[in-house]
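Heads up: the structure comes next, in C-alpha cells.
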Amino acid sequence: MLECAISAISMLRQKHVKALKLLYRLLRRYEYVPIHALASKLGMKADTTRKILEYLMNMELIESRKRDYEGYKLTWCGLDTLALHKLRNLIELKEISHRINVGKEADIYACRGIDGRLYIVKTYRLGRTSFSKVKAKRPIYETTAGWLVMSSKAAKREFQILTKLWEVGVSVPKPIAHAYHMILMEFVPGRELYKARLKNPLSVFRTIINETLKAYTKAEIVHADLSEYNVIINEATEDIWIIDWSQWLPSDHLEAENYFRKDMENIVKFFHKKYRIDLNTLRGILEDTIRAFGKD
Ligand SMILES: Nc1ncnc2c1ncn2[C@@H]1O[C@H](COP(=O)(O)OP(=O)(O)O)[C@@H](O)[C@H]1O
Ligand SMILES: [Mg+2]
Numbered sequence: 019m020l021e022c023a024i025s026a027i028s029m030l031r032q033k034h035v036k037a038l039k040l041l042y043r044l045l046r047r048y049e050y051v052p053i054h055a056l057a058s059k060l061g062m063k064a065d066t067t068r069k070i071l072e073y074l075m076n077m078e079l080i081e082s083r084k085r086d087y088e089g090y091k092l093t094w095c096g097l098d099t100l101a102l103h104k105l106r107n108l109i110e111l112k113e114i115s116h117r118i119n120v121g122k123e124a125d126i127y128a129c130r131g132i133d134g135r136l137y138i139v140k141t142y143r144l145g146r147t148s149f150s151k152v153k154a155k156r157p158i159y160e161t162t163a164g165w166l167v168m169s170s171k172a173a174k175r176e177f178q179i180l181t182k183l184w185e186v187g188v189s190v191p192k193p194i195a196h197a198y199h200m201i202l203m204e205f206v207p208g209r210e211l212y213k214a215r216l217k218n219p220l221s222v223f224r225t226i227i228n229e230t231l232k233a234y235t236k237a238e239i240v241h242a243d244l245s246e247y248n249v250i251i252n253e254a255t256e257d258i259w260i261i262d263w264s265q266w267l268p269s270d271h272l273e274a275e276n277y278f279r280k281d282m283e284n285i286v287k288f289f290h291k292k293y294r295i296d297l298n299t300l301r302g303i304l305e306d307t308i309r310a311f312g313k314d
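Just so you know, the sequence shown maps onto residues 19 to 314 in this note's numbering.
Spelled out as C-alpha cells, the structure:
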C-alpha cells in the first residue's frame with residue numbers, strides 16, 4: 019500500500035531525498051550500501067550521514083544491517099516515496115490511496131490529477147510471487163535488490179511502448195509519466211471485456227483485432243498477453259482500450275508471430291464461448307483483416 023510513502027513525503031527535506039536517490043542509484047552495485055560509500059558520495063561525515071539514515075529508517079524507507087559491515091538499502095516504501103515525490107507535480111497525493119487491483123506483477127491505484135481528472139498509477143511489484151513465465155521472457159538481474167531495479171525497468175519498458183502505441187494511434191490509455199517503478203496513465207472509463215455484456219459483439223471483435231494488427235504493423239509490437247482480461251470496454255460507446263503491455267515483444271522477435279497468433283486465438287475463443295459466434299466466422303474475419311493489413 020502507498021500510505022507509508024504518502025505520509026513520509028511531507029516529512030522529507032532535500033537531504034533526505036538526496037540520500038534516497040543515492041541509495042537507489044547504488045542498488046545495482048550493493049545489496050546493502052556501506053556507510054562509508056554513502057558518506058563519501060554525499061560529501062558528509064559518517065556521523066551526519068548516519069543521522070539522515072536513522073531518520074529514513076524510522077519511516078521504514080530504508081533498512082540496515084550491522085553484520086559484517088554497516089550497510090543500508092532501500093525498501094519498497096522508500097522506492098514508492100521516490101516515485102511519488104517525482105509524480106507529485108501531476109497528482110493529488112491525498113487522493114491516491116484507493117487501490118483498485120492487485121495483479122500478479124503490479125498494483126493499480128486510481129488517483130486524481132492536480133488538473134482534476136482521473137488517472138491510474140500502475141506500480142510494479144516484481145518478486146512478490148513466482149514469475150516463472152515472466153522470467154522466461156525477461157533477462158534476470160543479478161543482485162537481490164534486483165526486484166526493485168527490475169520493477170523500475172519493467173515500468174520504463176511498458177511506459178515507452180505505451181507512448182509508441184499512443185503515437186501511432188493504437189487505442190491504449192494515454193501515458194502521462196513514468197517514475198521509477200510507477201507509470202501514470204489516463205484512467206479509461208469501462209470494464210474488462212470478460213465482465214461486459216455487449217450488444218454488438220462482432221463489431222467489438224473486429225475493433226480488437228484491428229487495434230492489435232495496428233500495433234503489429236505500425237508500432238511493430240506484439241502484445242503477447244492479450245485476453246479478455248486486458249481489454250477494457252465502454253459498454254455504452256463500445257470504445258475499447260488494450261491495456262497491460264508489460265509482456266510485449268518486437269515484431270521481429272523469433273517468437274513474435276507465435277505470440278501474435280496466440281493473442282488472436284484467445285480473443286477468437288472468448289467471443290466463441292461467451293457470445294456463441296461460430297469459430298469459422300471469427301477466424302474468417304481475422305484472416306480477412308490480416309490480409310487487408312498486408313495490402314497497406
Ligand atoms: N488505464 C486504466 N484505466 C482504468 N482501469 C485500468 C487501467 N489500467 C489498469 N486498469 C485496471 O487494473 C487492472 C489491472 O491492470 P493491468 O495493467 O492489466 O495489470 P496486471 O499486470 O495486474 O494484470 C485492469 O484489469 C483494469 O481493471
Ligand atoms: Mg492485466
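For every residue, glycine included, the Cβ atom is placed at its ideal position computed from N, Cα and C.
> Taking just the CA atoms, how far does H199 sit from R143?
Replying inline: 8 Å
> Roughly how many angstroms separate the alpha carbons of I251 and F311, rounded to a whole number?
Replying inline: 23 Å
>> Using C-beta distances below 7 Å, list every residue in its chain close to Y212, excluding the 5 sequence neighbours before and after it, in chain order.
In response: E246, Y247
> Cα-Cα, which of S264, N298, A26 is closest to E123?
Replying inline: S264
> Among residues of its own chain, excluding the 5 on either side of L97, which ones have a beta-carbon nearer than 8 Å to its beta-carbon?
Replying inline: Y42, L166, S169, S170, Y198, H199
>> What would DSSP say about I261, mapped onto helix, strand or coil?
In response: coil
>> Would T66 and I53 be called neighbours here (beta carbons separated by less than 8 Å)?
In response: no
> What are the residues that DSSP puts in a beta bridge with D243?
Replying inline: D243 is not bridged to any residue.
>> Pop quiz: I118 and I109 are said to be a contact at Cβ under 8 Å. What is the actual Cβ separation, rounded to whole angstroms?
In response: Not really, about 15 Å apart at Cβ, beyond 8 Å.
>> Can you tell me whether Y247 sits near ligand 2, meaning its C-beta is under 7 Å from at least one heavy atom of the ligand?
In response: yes
> By Cβ distance, which residues of its chain are closer than 7 Å to A237, with the 5 residues on each side in sequence left out?
Replying inline: K182, L183, V186, V188
> Residues in its own chain within less than 7 Å of A195 by CB, not counting five upstream and five downstream?
Replying inline: L105, L108, L202
> Run through DSSP, which three-state label would A197 get?
Replying inline: strand
>> Please state whether the Cβ-Cβ distance between V190 and I285 is less than 8 Å.
In response: no
>> Taking only three categories from DSSP, how would you classify N298?
In response: helix
> What is the residue span of the alpha helix (DSSP H) that A101 lies within?
Replying inline: 94-105
> In three-state DSSP terms, what is A254?
Replying inline: coil
> Relative to ligand 2, is the shortest distance from any of its heavy atoms to the C-beta of D262 smaller than 7 Å?
Replying inline: yes
> Counting along the chain, where does the beta strand (DSSP E) carrying E81 start and finish?
Replying inline: 80-83
> Where does M62 fall in DSSP's three states?
Replying inline: coil
>> Can you look up H34 in the DSSP assignment and give me helix, strand or coil?
In response: helix
> When burial is assigned at 16 or more other CB atoms within 10 Å of the CB, is Y234 buried or exposed?
Replying inline: buried
> In chain order, what residues of the same chain have a beta carbon less than 7 Å from the beta carbon of L40, not counting five sequence neighbours either side?
Replying inline: L56, K59, L60
> Candidates A37, H271, V222: which alpha carbon is nearest H241's?
Replying inline: H271
>> For a test of the three-state rule: what should DSSP assign to R146, helix, strand or coil?
In response: coil
> Can you round the beta-carbon distance between L45 and L79 to whole angstroms, since I take them to be within the 8 Å contact cut?
Replying inline: That pair is no contact at about 14 Å.
> Under 8 Å, do Y137 and E204 count as touching if we go by C-beta distance?
Replying inline: yes
>> Taking 7 Å as the cut-off, is the C-beta of I251 nearer than that to any heavy atom in ligand 1?
In response: no
> Thinking C-beta only, is R209 closer than 8 Å to I303?
Replying inline: no
> If you drop the 5 nearest sequence neighbours on each side, which residues of the same chain put their C-beta closer than 8 Å to that of A64?
Replying inline: I53, H54, A57
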